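Novice: Residue 126 in my numbering sits at position 5 of the sequence shown; the count goes up by one each step and never skips. Where is the CB? At the ideal position from N, CA and C, for every residue including glycine. As the structure is a prediction and not an experimental result, all values here were calculated from the model. Just dropping this structure here.
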Amino acid sequence: MNRESLAKLNIGLITHVYCDKFKSTKTSVYLEITVRKRKVMRGKKRIIIHIDMDHFFTAVEERQHPEFKGKPVVVGADPKEGKGRGVVSTCNYKARKFGIRSGIPISRAWKLCPEAIYQPVDYELYRKVSDRIMRILRKYAEKFERWGIDEAFLDITSRLNDYNEAEALARQIKKEIFKKEELMCSIGVGPNKLIAKIASDFQKPDGLTIVEEKGVQRFLAPLPVRRLLWVGRKTEQKLKKMGIKTIGDLASYDPAVLTETFGVMGIQLHLMAHGIDRSEVEERREVKSISRDLTFEEDTADSEFILNTLDKLSNEVHKDVADQKLCFKTVTVKVRYENFETHTHGKTLPFTTNRLRDIQKTVRELMQDYLRSERKIRLVGVRVSKFVSGKKQKTLI
Ligand SMILES: [Mg+2]
């Protein structure tokens with residue numbers, strides 16, 4: 122890898138890395154990196170705020186149902202007294218005390234805490250609340266970036282002078298969200314998105330953590346590597362085998378070995394461990410795809426039942442498409458058999474559309490091959506993608 126090919130890699134984090142020396146040998150690539158932080162705005166350092174709503178779905182449910190207060194609440198699939206087959210979407214802090222976590226099977230959650238309140242996922246409601254919160258947040262910054270349904274980044278550099286002002290602003294944001302929506306959030310303030318995001322997660326719920334540039338290394342060092350963006354379970358395991366548990370361990374590890382082991386990701390890990398992130402806060406481009414999946418209560422080969430389910434999923438996908446005023450070109454189905462073998466099959470239409478019947482018709486067409494085999498199916502899904510904004514498109518409804 123030479124300097125030029127590295128420069129071509131489109132990763133925000135390595136934009137400002139200067140590689141002083143690259144030596145390539147047969148078995149490995151050694152590199153010495155001198156990392157220099159370059160001020161993006163001359164004379165002024167960035168201040169970024171990250172806002173993360175506290176256990177958002179369950180908090181909205183608790184607000185809608187005051188009788189849930191103080192009880193463990195789990196939002197997700199129907200537990201069916203321990204026989205349910207989906208997963209936990211979110212749960213509140215009371216439920217977490219029983220060991221329940223997002224993503225675990227709902228049947229396991231039931232075993233851990235059968236007395237919890239189980240609520241189905243009400244996306245429509247959460248999205249409406251989220252939209253209102255985002256409107257509140259957007260006005261506080263010139264640069265705003267929505268991050269999923271319940272998180273956002275604000276770049277407040279141009280509006281404020283220092284971290285004291287940033288702290289006051291963070292408190293004001295918390296106050297306004299609580300006053301208008303009766304919901305709590307945790308806020309992180311830092312010199313970049315990476316630090317702000319880790320900081321918002323530092324003291325949950327109702328947290329406010331401020332990490333100034335000079336305190337970055339001290340803040341990061343004791344934290345587990347998993348706190349870094351892009352460090353998933355697999356990377357965590359690999360790092361653990363190398364004796365790296367904390368971000369501090371990672372920061373002092375030889376970047377040449379990291380690069381040998383992880384490729385370009387190694388450089389990224391090195392930079393993140395030093396708290397360096399040059400990525401900008403930017404308004405997200407439109408969504409890439411909209412999808413819905415469903416796990417059947419029992420594996421099934423009943424084609425009529427499967428197609429009816431897909432019609433319902435298509436309907437839900439279409440609602441989202443209509444809400445966001447989008448038109449799409451590609452429709453994809455997902456099929457998971459009882460042995461977890463998973464297939465996706467898509468079709469790009471010769472025209473752009475926003476009609477429900479185009480989703481349903483294409484889905485049924487794409488499903489034919491899968492239904493013919495009469496194998497038992499565990500899960501089906503519908504996805505639409507290749508969007509153009511509905512405003513630019515003649516309405517087809
Ligand atoms: Mg959250």
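(1) Checking 8 Å against the spacing of the C-beta atoms, do Ser400 and Lys314 come in under that value?
(2) By DSSP, does Pro226 sit in helix, in strand, or in coil?
(3) How do the segment 198 to 213 and the segment 339 to 351 stand: do at least 3 beta-carbon pairs fall below 8 Å, yes or no?
(4) So if DSSP puts Trp268 in a beta bridge, which residue, or which two residues, is it bridged to?
(5) Return helix, strand or coil for Ser435, following the three-state DSSP convention.
(6) Below 8 Å on the Cβ atoms is my guess for Leu415 versus Val484; work out the distance and round it to an integer in Å.
(7) Would the C-beta of Phe274 count as close to ligand 1, meaning under 7 Å from any of its heavy atoms?
(8) Closest by CA to Cys234, which one among Glu357, Gln481, Gly220?
(9) Which of the three DSSP states, helix, strand or coil, is assigned to Thr380?
(10) Using a Cβ-Cβ cut-off of 6 Å (strictly less than) and excluding sequence neighbours within five positions of Leu344, which residues of its own chain qualify?
(11) Does the beta-carbon of Leu246 have 16 or more other beta-carbons within 10 angstroms, so that it is buried, or is it exposed?
(12) How far does the alpha helix (DSSP H) with Gly369 in it reach, from first residue to last?
(13) Does the pairing of the segment 488 to 507 with the segment 447 to 466 give three or more beta-carbon distances under 8 Å?
(14) Tell me, please, which residues DSSP counts as bridged to Gln240.
(15) By how many angstroms is the C-alpha of Leu290 removed from the C-alpha of Tyr244?
(16) Taking 7 Å as the cut-off, is the C-beta of Asp271 nearer than that to any heavy atom in ligand 1?
(17) When you compare only the Cα positions, how much space is there between Lys450 and Lys482?
(18) Among residues of its own chain, excluding the 5 on either side of Gly164, which ones have a beta-carbon nearer than 7 Å to its beta-carbon?
(19) Considering only residues of the segment 269 to 328, which uninterrupted alpha helix (DSSP H) runs meet the minimum length of 4 residues and lie entirely inside it, listed in chain order?
(20) With C-beta atoms as the reference, is Ile225 less than 8 Å away from Ile254?
(21) Leaving out the 5 sequence neighbours to the left and right, which residues in its chain are closer than 8 Å to Asp444 when beta-carbon positions are compared?
(22) Assuming contact is defined by CB atoms lying nearer than 8 Å, are Ala422 and Glu486 in contact in what I supplied?
(23) Just mark Phe274 as buried or exposed, buried being the case when its beta carbon has 16 or more other beta carbons within 10 Å.
(24) Measuring CA to CA, which of His186, His439, His395 is closest to Ile411?
(25) Are the CB atoms of Ala287 and Val250 nearer to each other than 8 Å?
(26) Under 8 Å between the Cβ atoms of Leu341 and Ala394?
(27) Sorted by chain position, which residues of the same chain lie with C-beta nearer than 7 Å to Asp182's C-beta, five sequence neighbours on each side aside?
(28) Compute the minimum distance between the beta carbon of Met255 and the heavy atoms of ligand 1, and state whether it is under 7 Å.
(29) Which term fits Phe178, buried or exposed, when burial requires 16 or more other beta carbons within 10 angstroms of its beta carbon?
(30) In chain order, what residues of the same chain have a beta carbon less than 7 Å from the beta carbon of Glu418, not counting five sequence neighbours either side?
(31) Return the CA-CA distance between Lys318 and Val505, expressed in angstroms with no decimal places.
(32) Counting C-beta neighbours from all protein chains within 10 Å, is the total for Val408 16 or more, i.e. buried, or is it exposed?
(33) Taking Asp276 as the reference, give the member of Ile170, Met174, Asp375 with the closest Cα.
(34) Have a look at Asn429, Val402, Asp375, Leu477 and flag the residue whose alpha-carbon is nearest the alpha-carbon of Pro312.
(35) May I ask you to report which of helix, strand or coil DSSP gives Leu500?
Specialist: The structure says:
(1) yes
(2) Three-state result, Pro226: strand.
(3) no
(4) Glu272
(5) helix
(6) Contact flag wrong, Cβ pair sits at about 13 Å.
(7) No - ligand 1 has no heavy atom lying nearer than 7 Å to the Cβ of Phe274.
(8) Comparing alpha carbon positions, the residue from Glu357, Gln481, Gly220 closest to Cys234 is Gly220.
(9) Thr380: helix per DSSP, three-state reduction.
(10) Ile368
(11) exposed
(12) 368 to 372
(13) Segments in contact, yes.
(14) Note: Gln240 is bridge-paired with Val196 in the DSSP secondary-structure output.
(15) 30 Å
(16) yes
(17) Cα-Cα distance, rounded: 13 Å.
(18) Low local confidence applies: a pLDDT of 46 at Gly164 is under 50, so the model's placement there is unreliable, and no value is given.
(19) 284 to 302, 314 to 321
(20) Taking a C-beta distance under 8 Å as the contact criterion, Ile225 and Ile254 do not qualify as a contact pair.
(21) Arg248
(22) no
(23) buried
(24) His439
(25) no
(26) yes
(27) Asp is not the amino acid found at residue 182; the sequence shown has Glu there. Here the set comprises Phe189, Val194, Val196, Gln240.
(28) With a cutoff of 7 Å, Met255 does not count as near ligand 1, since its C-beta is closer than that to no heavy atom of the ligand.
(29) buried
(30) Arg206
(31) Going by the C-alpha atoms only, they are around 30 Å apart.
(32) exposed
(33) Ile170
(34) When only C-alpha atoms are compared, the closest one is Val402.
(35) strand
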